[in-house]
Amino acid sequence: MKAIIIAAGMGQRLRPYTADRPKCMVEINGRSLVQRQVDAYRDAGIDEIIIIRGYRGRQIQLPNVTYVENPDFQNNNILESLFCAREHLFGDVIISYGDITFHPDLVKGLLPVQAPVSLVVDLDWASVYEGRDDHPIEQAELCEVMSLPAEGMLRNDHIHRITEVGKQVGADRARGEFIGLCKLNAPALARFCALYSHARLKGLDEPYGHATSLRKAYLCDLFNDAIQRDEFIHPFFFKGGMWREIDTVQDYERAQEAVTW
4 MKAIIIAAGM GQRLRPYTAD RPKCMVEING RSLVQRQVDA YRDAGIDEII IIRGYRGRQI
64 QLPNVTYVEN PDFQNNNILE SLFCAREHLF GDVIISYGDI TFHPDLVKGL LPVQAPVSLV
124 VDLDWASVYE GRDDHPIEQA ELCEVMSLPA EGMLRNDHIH RITEVGKQVG ADRARGEFIG
184 LCKLNAPALA RFCALYSHAR LKGLDEPYGH ATSLRKAYLC DLFNDAIQRD EFIHPFFFKG
244 GMWREIDTVQ DYERAQEAVT W
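Residue numbering for the sequence shown follows this note's numbering, beginning at 4 and increasing consecutively.
#1: From which residue to which residue does the beta strand (DSSP E) around Tyr-70 run?
#2: Reducing DSSP to helix, strand and coil, say where Ser-150 ends up.
#3: When the Cα of Tyr-199 is compared with those of Ala-189, Ala-177, Leu-184, Ala-220, which residue comes out closest?
#4: Which one of Ala-11, Ile-9, Asn-32 has the shortest CA to CA distance from Thr-263?
#5: Hey, how far is the Cα of Ile-55 from the Cα of Ile-7?
#6: Are the CB atoms of Ala-43 and Pro-25 within a distance shorter than 8 Å?
#7: Taking 8 Å as the CB-CB limit, is Ile-230 close to chain D?
#8: Would the beta-carbon of Val-71 fall within 8 Å of that of Ala-88?
#9: How would you call Arg-158, buried or exposed, if buried means at least 16 neighbouring beta carbons within 10 angstroms?
#10: When you compare the CB positions of Val-120 and Glu-234, do they come within less than 8 Å of one another, or not?
#11: By Cβ distance, which residues of its chain are closer than 7 Å to Arg-59, with the 5 residues on each side in sequence left out?
#12: Give the single residue among Glu-260, Val-252, Ala-258 whose Cα lies nearest to the Cα of Arg-18.
#13: Here's a check: name, in chain order, each residue in its chain whose Cβ is nearer than 6 Å to the Cβ of Cys-27, leaving out the five neighbours to either side.
#14: Where Met-156 and Ser-150 are concerned, what is the direct C-alpha to C-alpha distance, given to the nearest angstrom?
#15: In or out: His-201 buried (at least 16 other Cβ within 10 Å) or exposed?
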């Protein structure tokens, strides 16, 4: 198992805190976001860690980590940033956005899940948006989830399947919020790489999913492409209090009290 952290973003909405450092180097209670993630992965026994750098990337200097550069970080988005690490996209992998912090127990709980693709989904997502004026619900990557009775199991047991994920889902259809942490096994990752390659052949400036172009696409656009091709994507549910996204100055200030792990 390896972990890949997508940390190339400029964090313009976090200025002045990102005026002189990458977004992932902003500190919450004395530790940077990226250090917190690396610590969580290592605490779960994951030693192979790849960080994708972009804006002021040379400032990210952690020991025993592999670095990949995104030289076009000013013009592309999360999906293109991830595929800058194409040579590392094989085997079982956990992927995380660089602007989140999460409790180490989320990683430990995710590791044994047997589904080919698992997205970590917060069921108590709405409470995080109370008073979050600078990052409204419309910007949340929400998940629509289908629940089906599991054959041969008790009536109360269900299989959950994500049917759509992204900002377009909206609060009315949402079961929870994708927090930017996911796990793919080797065969699923190979299928996702093939989907990306197929889209890349059409050109970086061609529309992809809900994005105006592949260049500007999100990871969720790739997930939805896979879902439309009958890929089973499993939600790994938890209920609040174990993560924070740091996207704005308001998020940063609120996280100083909320993040206690």
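Ideal Cβ placement from N, Cα and C applies to all residues, glycine included.
Since the model is a prediction, treat every value here as computed from it, not as a measurement.
The short version:
#1: Taken as a continuous stretch (DSSP letters only), the beta strand (DSSP E) holding Tyr-70 covers 69-72.
#2: Strand, per DSSP.
#3: Out of Ala-189, Ala-177, Leu-184, Ala-220, Ala-220 has the C-alpha closest to the C-alpha of Tyr-199.
#4: Ranked by Cα distance from Thr-263, the first of Ala-11, Ile-9, Asn-32 is Asn-32.
#5: It is roughly 7 Å from the alpha-carbon of Ile-55 to the alpha-carbon of Ile-7.
#6: Cβ atoms of Pro-25 and Ala-43: not closer than 8 Å.
#7: No chain D is part of this structure, which consists of one protein chain only.
#8: A contact, by the Cβ cut-off of 8 Å.
#9: Here the model assigns Arg-158 a pLDDT of 47, short of 50, so the residue's position is not dependable, and the following value carries that caveat. Result: exposed.
#10: The Cβ atoms of Val-120 and Glu-234 sit closer than 8 Å to each other.
#11: Here the set comprises Arg-24, Pro-25.
#12: Ranking Glu-260, Val-252, Ala-258 by Cα distance to Arg-18 puts Val-252 first.
#13: Once the five neighbours on either side are set aside, the close Cβ partners of Cys-27 are Ala-10, Leu-36, Val-37, Gly-101.
#14: Residue placement at Met-156 is poorly supported in this model, since its pLDDT is 45, which falls under 50; the coordinates still yield a value, given next. Here the C-alpha atom of Met-156 lies approximately 14 Å from the C-alpha atom of Ser-150.
#15: Its Cβ having fewer than 16 others within 10 Å, His-201 is exposed.
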